[in-house]
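**Student:** Please find one structure pasted underneath; my questions will follow.
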Amino acid sequence: MIFDLPLKASSKLSLDTLLRPLDLPTQSSSSSSKFTPPSQVTDVELKCPDEWIRLGTKCYLPFNIHQSWPFALTTCQRYGSTLAKIQTGSENQFIANLLSKPGGKMGEIKEYWIGLTVEVLDDDELYIWSDGTPTSRYVGFWRQDQPNFLNGTCAMGRVERKDLEWRLETCNLLRRFVCERPACVQGSYFCSSGSCISESKKCNGFNDCDDGSDEQNCPSAFQPACRTYEKGESGQLSSPNYPNSYDPNLNCRYVLEGPVNSRIELTIEHFETEPDFDVLTVLDGGPAENSTTVIIFSVICNFEKFLYGASKVPKSGISGPRKESKVAPRFPRFPDEQILNQCDKLIFHCIKMCRKACRFT
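Laid out in structure tokens, this is it:
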């Protein structure tokens, strides 16, 4: 969940994460294997983010939560990756070996989504990887009588005798999945979007990652810290100089990450902004803003600013970083009756007389 939080007066946030039991792998980013990488890189040394497992130029991370194929792809994209794109026998065996490691219930069938889907045309079939790359039905490690799109259009791998056998299944089945992202050379910084930059560019005052992740948690003698990243089960956030007012013209961004498949609950204990200038936007998704959706935007009620949740509001309808001119975000127009119904759902409840006159700006 990402917070773009330009506030004018003192503000304080606290959060509690609603957890679900997880069984995530705790693998190191480097791993030895008896399998030969598909391409041997000898002149540079590559690395993966923490917990990701490297094979050649690729990094893999299995998720032990159960999701449909589309939701599994969304989860991978939130971590700057895609569902696994298996192109060689070495990669297929490596992933099968990775998924065969002890864990889970005795006799449990190990089936994982991979990043291949098929689009059935009138007289043809189009096979596409989750990164958009087309491929052929004859390229793969299909089990007998597969691929058969009559069963579904999303590819699933099942661990059989230390190998991964593919088959097509209905995309809404809940299964585990494997994500993939490129490895980076030693001395690189991993951007939240999945790209790599030189470690020397982190905290240099420029947005080199294009998602702001390289400028998070950076100490500065000239500006109070208001671009931070926090990962955990609970914690607190406050605006710079809290409980006093913070400096003008700040564009703060707070990124909060909870455990996979969990939900984050926000409790705002004190909230005060400068009317008509400051905007709070809450986005849900991955650390990179291009993988998020807006769930909260500002609303005017009795000339004071409150928050309103709406998961279907297009991101383009929310104002960007505040400039010198007055912020005037565009919001969708609703029938009057619907406005009154939505007013009842304001996170900061208006008083009764104000609720009847609630309006959007």
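Quick note: the sequence shown uses UniProt numbering, first residue 1, plus one each step.
Think of the CB as a built atom: it goes at the ideal place given N, C-alpha and C, for glycine as much as any other residue.
Predicted model only: the values in this text are computed from it and were never measured.
Over what stretch of residues does the alpha helix (DSSP H) that includes Q93 continue unbroken?
**Tutor:** 89-99 is the extent of the alpha helix (DSSP H) around Q93.
**Student:** Quick check on L250: does DSSP put it in helix, strand or coil?
**Tutor:** Residue state, collapsed to three classes: coil.
**Student:** Helix, strand or coil for A72, going by three-state DSSP, please let me know.
**Tutor:** Correct three-state label for A72: helix.
**Student:** Taking all protein chains shown into account, do 16 or more other C-beta atoms lie within 10 angstroms of the C-beta of I65, making it buried, or fewer, making it exposed?
**Tutor:** Answer is buried; the Cβ neighbour count reaches 16.
**Student:** Report the three-state DSSP secondary structure of V327 (helix, strand or coil).
**Tutor:** Model confidence at V327 stands at a pLDDT of 32, short of 50, so the residue's coordinates are unreliable and nothing is read from them.
**Student:** Thinking C-beta only, is V120 closer than 8 Å to T153?
**Tutor:** Yes, the pair counts as a contact, with Cβ atoms nearer than the cut-off.
**Student:** Quick one: Cα of P25 to Cα of L266, how far?
**Tutor:** Here the model assigns P25 a pLDDT of 41, short of 50, so the residue's position is not dependable and the matter cannot be decided.
**Student:** Could you tell me if Q67 is buried or exposed, where buried requires 16 or more neighbouring beta carbons within 10 angstroms of its beta carbon?
**Tutor:** When all chains shown are included, Q67 counts as buried.
**Student:** Kindly list the residues whose CB is nearer than 7 Å to the CB of K58, restricted to its own chain and excluding five residues on each side of it in sequence; keep chain order.
**Tutor:** Counting only Cβ-Cβ distances below 7 Å, and skipping sequence neighbours, we find E180, P182, A183.
**Student:** To the nearest angstrom, how far is it from the Cα of Y60 to the Cα of A84?
**Tutor:** Y60 and A84: Cα-Cα distance of roughly 7 Å.
**Student:** Give me the Cα-Cα distance between H270 and L46, rounded to the nearest whole angstrom.
**Tutor:** Whole-angstrom Cα-Cα distance: 46 Å.
**Student:** So, under 8 Å CB-CB, D214 and Y189 are touching, yes? Tell me the CB distance rounded to an integer number of Å.
**Tutor:** Indeed, because the Cβ distance is near 6 Å, the residues count as touching under 8 Å.
**Student:** Relative to the alpha-carbon of C218, which residue among C209, G205, S136 has its alpha-carbon at the smallest distance?
**Tutor:** When only C-alpha atoms are compared, the closest one is G205.
**Student:** Are the CB atoms of P62 and L116 within a distance shorter than 8 Å?
**Tutor:** Contact flag unset, no.
**Student:** Taking the CB atoms as reference points, tell me whether T135 and W142 lie closer together than 8 Å.
**Tutor:** Contact: no.
**Student:** One question on the structure: do Q236 and R227 come within less than 8 Å of each other, judged by their Cβ atoms?
**Tutor:** Contact flag unset, no.
**Student:** Taking the alpha carbon of F277 as the reference point, which residue from G258, E233, P248 has its own alpha carbon closest?
**Tutor:** Measuring from the Cα of F277, the nearest candidate turns out to be P248.
**Student:** In whole angstroms, give me the CA-to-CA distance for Y254 and D131.
**Tutor:** Their backbone Cα atoms lie some 29 Å apart in a straight line.
**Student:** Which class does K234 belong to by DSSP, given the choice of helix, strand or coil?
**Tutor:** Residue identity check: residue 234 is Ser in the sequence provided, not Lys. S234: strand per DSSP, three-state reduction.
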